[in-house]
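Only one structure is covered here, and it is reproduced in the block below.
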Amino acid sequence: MDHPFYTTFLLLAGLLLSVVALWRGWRPSLRTALAVGIALRLFLLINAAADSWQPLDFVDGFKPAGQAILAHQDPVLATHGSWHFLPMIPYLYALGLRAGLPWEIAGRLVTVAADIALIPLVGRLAGEKNAAAARFAYACSPIALMVAVIHGQIEPVALVFLVAAYVMARSGRGGWAGALFGFALSAGTWPVILLPPLLAMLPNWRERVHSVVMTGVVPVFFLVTMPLVVHVGWVDLLHVARYLGGVRPVVGEWGWTAWMTGGNWALAPTAAGIGQVVLYLTLLAVMWLWRRADRVDMTSAILLAFLIVTPRMGAQYLLWVVPFLVARPTRFSRPALWLAALWAGLGYIYLTHFDDAGWWQNHQWWSRSSVAVIALLILAMPWGRRTPAETEEPATVRSQPLPAGH
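Right, here's the structure in full:
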């Protein structure tokens, strides 16, 4: 990274703004939250686009997927599975490339726009009482800034549709909630683990059936209409389907697998397979324990449990839980998110100014240090909100309004 101090300054500015807002009990307006969020993302976007360092998957995976659409090729087959999702996001990449934008900007505009749209949506998710605090906290979130802007990862695109689906489900609109959830699945497969809490938010079985149907319609639409956009036969779609949602069993980035591999990446199918079984069993246990809780709390518990026990991990996964923990913070959620941001920042900023040998050497201690983040993520679980009597909205920082002039 060419300008680590400037990038760190912007991230710290966002963090300090959110901390001061929390300490002083500020409740900035939506306009203020958007202005601050857009400014931080714009400054980081300009800096990241001009940097000589670009994330490996951003260049070698995402860019070829967008170029494949421009060449009327299937993005999955053209990248040999490097892009292993539906073509919804590559369609958006292609629009930016066709407009003549350099990839360093075109590839990030999609995620930055989605991340900005998340600011008001997080406020809606938090409810009227905590909306102002939640949306400002998300606007300033260092994790969101790093994942959406520096990395250009696809997580904000999945999240913007996912959070919108939750907002619709809360109002009882099963069909719309399902359609939005389907778009989230079309951006990334991981939201599928949150279908149970989404359905539980709906008022009756009729709305749940509508939601499930629409959830399936959207991804199927993107799949079956591919031959109309790219040169791919119907038979080829079977090969595409083999790659969708698939991941290589690479471990060693996070948690227990980082200690197993000495902090290095490794192809470990056995460890990854066992870890996946443990992960699924853990998620089922969490869904059961939080079955009577507020559905946002249940979602936070599911996603935190995923981060705690997953055998494979990328720093971008940390963003999954941010909108939900910001909307309904727990006692330790803020320290956990701050420490997670520090850990991710070391990866995105500190490690990237080393050469290959230096990067691998520092990766060993960095990946193993993730256990400290995991310890706080465990504490950040909504342990005290597992029953209806415990699920009221969290108390605001100040019970009395600030005097005029503050």
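With this note's numbering applied, the sequence shown has no gaps in its numbers, which climb one by one up to 433 at the end. Glycine is no exception: its CB is placed at the ideal position from the N, C-alpha and C atoms.
Check	Outcome
Residue closest to residue 88, alpha-carbon to alpha-carbon, out of 402, 180, 352 and 245	180
Pairwise C-alpha distance: residue 186 and residue 217	10 Å
Endpoints, alpha helix (DSSP H) assigned at residue 93	90–97
Three-state class that DSSP yields for residue 293 in the structure shown	strand
Reference residue 68, options 121, 173, 94 and 252, closest by Cα	173
Rounded Cβ spacing between residue 190 and residue 137 (contact assumed at less than 8 Å)	Their Cβ separation, rounded to whole angstroms, is 17 Å, which puts residue 190 and residue 137 out of contact at 8 Å.
Backbone CA spacing between residue 149 and residue 94 [nearest angstrom]	33 Å
For residue 304 and residue 128, the rounded distance between their alpha carbons	43 Å
Own chain partners of residue 299 with C-beta closer than 7 Å, once the 5 adjacent residues on each side are dropped	276, 278, 338 and 339
Pair within 8 Å by beta-carbon distance, residue 163 and residue 271	no
For residue 176, the three-state DSSP class (helix, strand or coil)	helix
Residue 277 - partner residues in DSSP beta bridges	294
Range covered by the alpha helix (DSSP H) that runs through residue 74	57–77
The stretch 241–253 touching the stretch 138–146, judged by at least three CB pairs closer than 8 Å	no
Length of the line joining the Cα atoms of residue 289 and residue 366	22 Å
Exposed unless 16 or more other CB atoms sit within 10 angstroms - verdict on residue 428	With a pLDDT of only 43 at residue 428, under the threshold of 50, the placement of this residue in the model should not be trusted; the figure read from the coordinates follows. Exposed, by the Cβ-count rule.
Continuous alpha helix (DSSP H) stretch holding residue 150: start and end	130–153
Nearest residue (CA-CA) to residue 228, options 326, 280, 135 and 294	326
Of the listed residues 383, 357, 342 and 355, nearest to residue 368 (C-alpha basis)	342
Nearest to residue 397 (by Cα), restricted to the options 55, 241 and 372	372
Pick from 239, 96, 188 and 35 that is closest to residue 169, judged by C-alpha positions	35
The stretch 326–336 touching the stretch 345–359, judged by at least three CB pairs closer than 8 Å	yes
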